[in-house]
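Protein chains in written order, with my numbering: chain A, 1 to 186; chain B, 1001 to 1262.
Cβ atoms here follow ideal geometry from the backbone N, Cα and C, with glycine treated the same way.
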Amino acid sequence: MIPFESYRQFEHLLIEHLNIMYATALRLTGFKEGAEDLVQESSLKAFRKFGQLRDVNKAKGWFLQILLNTFRDRYRKKKRKAEVVYVELTEELVAFASIKAYDQEKIFNYLVEGEVQGALSKLPSEFRSVVILCDLQDCSYQEIADILQCPLGTVASRLFRGRELLREYLEGYVKNRGLLELNDFE
Amino acid sequence: MNCLTARKIILNREANDINVDISVAQLHVNNCPDCQLFLSQLENLKHILKTRLMNQPAPAILREKILALITAERLCNPVVSKRTYFKRRILVGAGTAAVISILLLMIYQNPFQRKIEYANPAVRALAQDHIASKLRGNSLDLQTSDTAELEHWFSLRVDFAVRIPTLNNLSLLGGRLCVINGERVVSLAFQKQSVSISLFIVDGDVIDLSRMRVVDARNRQGIYHGDAKGCNVILWQEKGLIFSLVSEDMNEHELIELVAKS
Ligand SMILES: [Zn+2]
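What follows is the structure, encoded as structure tokens:
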């Protein structure tokens, strides 16, 4: 039995967080129909689990957590579960990122939405989730750590590696469009 | 403090140990042009993401659909209260009517919701990718007609063993890694005279073929057909993978001929 008051409360919270769920789902799946399907399934799951939400002030993270878990379950259903490795951000890792010799600000400005979404979609999902939550949804490291249930240091290192890979993929688009010569990359 | 340590501390600022003093790292950055450029390039990347992938609001129709489903689900649960028998009858009656109409609507539009919603968007996504790639002048990740080289390149990037089938009378231009339904997909560009044809290789559980139309059954499992965005899409299954040929300029029979001859 779901009392009317909690049903109304759920409805209010859902309406308040539906946009962030949809925006996140759109960037996770990369297409509108996939996002709609994912948000619908996650909303119904959230409704069934509503009793488990202890603090309504944490509703944003709670909705996003259900969304990300649903995404993972749906798209990774038949895959062997990879062993989760928690890696801290170290100097060695930071050393992988170099300063770009070309004018990145000017060159990346030519990129269009489809190319940026394409690069984002190519990221392994554990990096993609962190980049979306941090850079697009402005979640704090603490919020992301709660949503993904991983240590803060892992959030920092996944974000760093995700952004580096993203930059590599964006460079690929720029190169394909002939905006940069091959030797600019060396 | 050296550049790497300073960068690490700044990038890690929300996750640092409490005894790490950020001010020392900040002081280094303030006096180091290299670190400033490094961090500004990362900021610029974030800016590109934010401006190109702007948040879009959830469509109103989606919101209404979800709220209707939730109302229906709630009404399906027994309501225990101190209402009078009459009030309860009205509530239960209205609830049942609502549930039945929603179910009828769902059945009418979508008898096997998951399967249909899954198959059609996948065909649309394949067609969309084919068109987008053509518009960009077949911007390939690897431009070669060497199948062994392509198979090796893809094997490092997808979770399945890639075997490129031979398609007669087509010249292979190269390959590109793309993403469909959140999954990494092998995309190969072919040409026949001036006609562009894409071959996609997808892990078998990404696309549900069971609700699609079979157009050719000579192969034991059949060849399926769909169309979207002015493209013809044929799909077939082999060893747990799904292969798909997409073209704007060839009909399904011409596409099937390419498979049959291989
Ligand atoms: Zn420095």
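Alpha-carbon to alpha-carbon, residue j and residue i
i                          : j                          : result
glycine 118 of chain A     : arginine 48 of chain A     : 34 Å
leucine 41 of chain A      : valine 130 of chain A      : In the sequence under discussion, the amino acid at residue 41 of chain A is glutamate, which differs from the leucine named in the question. Roughly 21 Å separates the two Cα atoms.
isoleucine 1164 of chain B : asparagine 1251 of chain B : 22 Å
leucine 179 of chain A     : tyrosine 110 of chain A    : 9 Å
cysteine 189 of chain A    : glutamine 65 of chain A    : Here chain A covers residues 1 to 186 and nothing more, so residue 189 of chain A does not appear.
glutamate 88 of chain A    : isoleucine 144 of chain A  : 15 Å
tryptophan 1236 of chain B : valine 1214 of chain B     : 10 Å
lysine 1192 of chain B     : glycine 1174 of chain B    : 14 Å
leucine 68 of chain A      : glutamate 16 of chain A    : 18 Å
glycine 51 of chain A      : asparagine 1055 of chain B : 29 Å
cysteine 1178 of chain B   : valine 94 of chain A       : 28 Å
cysteine 1035 of chain B   : threonine 70 of chain A    : 39 Å
valine 155 of chain A      : leucine 1075 of chain B    : 41 Å
leucine 53 of chain A      : alanine 1094 of chain B    : 30 Å
lysine 1115 of chain B     : leucine 26 of chain A      : With a pLDDT of 35 at lysine 1115 of chain B, under the threshold of 50, the predicted position of this residue should be treated as unreliable, though the coordinate-derived value follows. Answer to the nearest angstrom: the Cα atoms are 20 Å apart.
serine 1081 of chain B     : glutamate 11 of chain A    : Per-residue confidence for serine 1081 of chain B stands at a pLDDT of 43, beneath the threshold of 50, marking its modelled position as unreliable; no derived number is given.
aspartate 1249 of chain B  : lysine 122 of chain A      : 29 Å
arginine 158 of chain A    : serine 125 of chain A      : 10 Å
asparagine 1168 of chain B : valine 1185 of chain B     : 22 Å
leucine 1258 of chain B    : proline 1033 of chain B    : 58 Å
lysine 1239 of chain B     : threonine 1166 of chain B  : 16 Å
glutamate 105 of chain A   : glutamine 137 of chain A   : 22 Å
alanine 1228 of chain B    : leucine 170 of chain A     : 28 Å
isoleucine 1022 of chain B : leucine 152 of chain A     : 17 Å
aspartate 984 of chain B   : isoleucine 1018 of chain B : The structure shown does not extend to residue 984 of chain B, since chain B is modelled only from 1001 through 1262, so no value can be given for it.
valine 1123 of chain B     : arginine 74 of chain A     : 19 Å
arginine 58 of chain A     : arginine 72 of chain A     : Correcting the residue identity first, residue 58 of chain A is lysine in this sequence and not arginine. About 21 Å.
leucine 1069 of chain B    : leucine 44 of chain A      : 8 Å
arginine 1007 of chain B   : leucine 148 of chain A     : 25 Å
arginine 8 of chain A      : leucine 1067 of chain B    : 11 Å
arginine 1083 of chain B   : serine 1101 of chain B     : In this predicted model, arginine 1083 of chain B has a pLDDT of only 48, less than 50, meaning its place in the structure is not dependable enough to derive any value.
methionine 1212 of chain B : glycine 1222 of chain B    : 11 Å
glutamate 113 of chain A   : lysine 1050 of chain B     : 10 Å
cysteine 1231 of chain B   : valine 1195 of chain B     : 12 Å
Sub-8 Å separation of residue i and residue j beta-carbons
i                          : j                             : result
leucine 38 of chain A      : threonine 29 of chain A       : yes
serine 1155 of chain B     : alanine 1148 of chain B       : no
arginine 1176 of chain B   : serine 1133 of chain B        : yes
aspartate 1216 of chain B  : isoleucine 1180 of chain B    : no
alanine 1097 of chain B    : alanine 1072 of chain B       : no
arginine 250 of chain A    : phenylalanine 127 of chain A  : This structure does not reach residue 250 of chain A, given that chain A is present from 1 up to 186, and the question cannot be answered.
isoleucine 99 of chain A   : threonine 24 of chain A       : no
serine 1187 of chain B     : serine 1198 of chain B        : yes
leucine 1135 of chain B    : threonine 1144 of chain B     : no
alanine 1127 of chain B    : valine 1246 of chain B        : yes
glutamate 33 of chain A    : proline 1057 of chain B       : no
cysteine 139 of chain A    : tyrosine 86 of chain A        : no
valine 56 of chain A       : leucine 14 of chain A         : no
glutamate 1014 of chain B  : tyrosine 141 of chain A       : yes
valine 1020 of chain B     : isoleucine 1009 of chain B    : yes
aspartate 1205 of chain B  : leucine 1241 of chain B       : no
leucine 1045 of chain B    : arginine 163 of chain A       : yes
leucine 1170 of chain B    : phenylalanine 1190 of chain B : yes
alanine 46 of chain A      : phenylalanine 63 of chain A   : yes
valine 1029 of chain B     : leucine 1037 of chain B       : no
glutamate 92 of chain A    : threonine 1005 of chain B     : no
isoleucine 1264 of chain B : valine 116 of chain A         : It is not possible to answer for residue 1264 of chain B, since the shown part of chain B is limited to 1001 through 1262.
tryptophan 1153 of chain B : leucine 1140 of chain B       : no
glutamate 36 of chain A    : leucine 1053 of chain B       : no
Any non-hydrogen atom of ligand 3 within 7 Å of residue i CB
i                        : result
cysteine 1035 of chain B : What this structure holds is ligand 1, not ligand 3.
Interface partners of residue i on chain E, CB under 7 Å
i                      : result
glutamate 5 of chain A : Here the protein chains are A and B, and chain E is not one of them.
Open item on the list: At 4 residues or longer, what runs of the alpha helix (DSSP H) sit wholly inside the segment 1029-1057 of chain B?
Closed with: Correct list: 1033-1052.
- [ ] With 8 Å as the C-beta to C-beta threshold (strictly closer), list the residues of the segment 1012-1028 of chain B near chain A in chain order.
- [x] Asn1012, Glu1014 and Ala1015
Open item on the list: If the cut-off is 9 Å on Cβ atoms, which residues from the segment 1123-1140 of chain B count as contacting chain A, listed in chain order?
Closed with: For the segment 1123-1140 of chain B, the set of positions with a beta-carbon nearer than 9 Å to some beta-carbon of chain A reads Arg1124, Ala1125, Gln1128, Ala1132, Arg1136, Gly1137, Ser1139 and Leu1140 in chain order.
TODO: Using a Cβ-Cβ cut-off of less than 7 Å, give me the residues of the segment 1030-1044 of chain B that come near chain A, in sequence order.
DONE: Per Cβ criterion, the list reads Asp1034, Leu1037, Phe1038, Gln1041, Leu1042 and Asn1044.
- [ ] Determine which residues of the segment 1172-1188 of chain B have a Cβ less than 9 Å from any Cβ of chain A, and write them out in chain order.
- [x] Leu1177, Cys1178, Val1179, Ile1180, Asn1181, Gly1182, Glu1183 and Arg1184
Task: Short-range partners of chain A found in the segment 1209-1240 of chain B, where Cβ spacing is below 9 Å - done: Residues: none.
Open item on the list: Quick check on the DSSP output: what are the complete beta strand (DSSP E) runs of length 3 or more inside the segment 1167-1221 of chain B, in order along the chain?
Closed with: 1171-1180, 1183-1192, 1195-1203 and 1213-1216
Task: chain B contacts from the segment 33-67 of chain A (Cβ-Cβ distance under 7 Å) - done: Glu33, Gly34, Glu36, Asp37, Val39, Gln40, Ser43, Leu44 and Phe47
Task: Segments of 3+ residues assigned as beta strand (DSSP E) that fall wholly inside the segment 24-78 of chain A - done: none
Task: Residues of the segment 1055-1068 of chain B with Cβ closer than 8 Å to any Cβ of chain A, in chain order - done: Asn1055, Gln1056, Pro1057, Ala1058, Pro1059, Leu1062, Arg1063, Lys1065, Ile1066 and Leu1067
Task: Short-range partners of chain B found in the segment 17-30 of chain A, where Cβ spacing is below 8 Å - done: Answer set for the segment 17-30 of chain A: Leu18, Asn19, Ile20, Met21, Tyr22, Ala23, Leu26, Arg27, Leu28, Thr29 and Gly30.
- [ ] Check distances from the C-beta atoms of the segment 144-164 of chain A to those of chain B and list, in chain order, the residues that come in under 7 Å.
- [x] Leu152, Gly153, Val155, Ala156, Phe160 and Arg163
- [ ] Report the residues of the segment 89-103 of chain A with a CB closer than 9 Å to any CB of chain B, ordered along the chain.
- [x] Leu89, Thr90, Glu91, Glu92, Leu93, Val94, Ala95, Ala97, Ser98, Ile99 and Lys100
- [ ] Entirely within the segment 131-170 of chain A and at least 3 residues each: give me those beta strand (DSSP E) ranges in chain order.
- [x] none
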